[in-house]
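If you read the sequence shown in my numbering, its first letter stands for residue 179, the second for the next number, and so on.
This report refers to the structure that appears directly beneath it.
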Amino acid sequence: MVYPPTPNKTPARRLTPGPDRDKLAADLKAKYEGGQSIRALAEETGRSYGGVHRLLQDAGVTFRSRGGAPRRTGP
């Protein structure tokens, strides 16, 4: 089955291995280690959460545990 093109979908931007990808990964790593979240980095660069996560993983980042304050159960 052929589907019509989606008018609002942006074309995929795949970074092939090389110096451009390495530089982006290093920049993202520095910002992540400086305290920015993966979601913030994804929004800043226009990339998906998964794409940023993969670049950080390839750059050798040690990921922080999932954040958020513990929930309170009582008064």
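Note that CB positions come from ideal geometry on N, CA and C, so glycine has one too.
In this text the structure is predicted, and so the values were computed from the model without any measurement.
Closest to residue i by C-alpha separation, out of the options, would be which residue?
i	options	result
L193	G229, S215 and G213	G229
S215	G224, T251 and R242	R242
P195	V239, R232 and G245	R232
D200	L234, T251 and T240	L234
E222	A237, D205 and P197	D205
D198	S226, A237 and G212	A237
Determine the burial state of residue i: buried for a count of at least 16 other Cβ atoms within 10 Å of its Cβ, exposed for fewer.
i	result
A208	exposed
A203	buried
Y210	buried
DSSP three-state call for residue i: helix, strand or coil?
i	result
A203	helix
L219	helix
P197	helix
A208	helix
G213	coil
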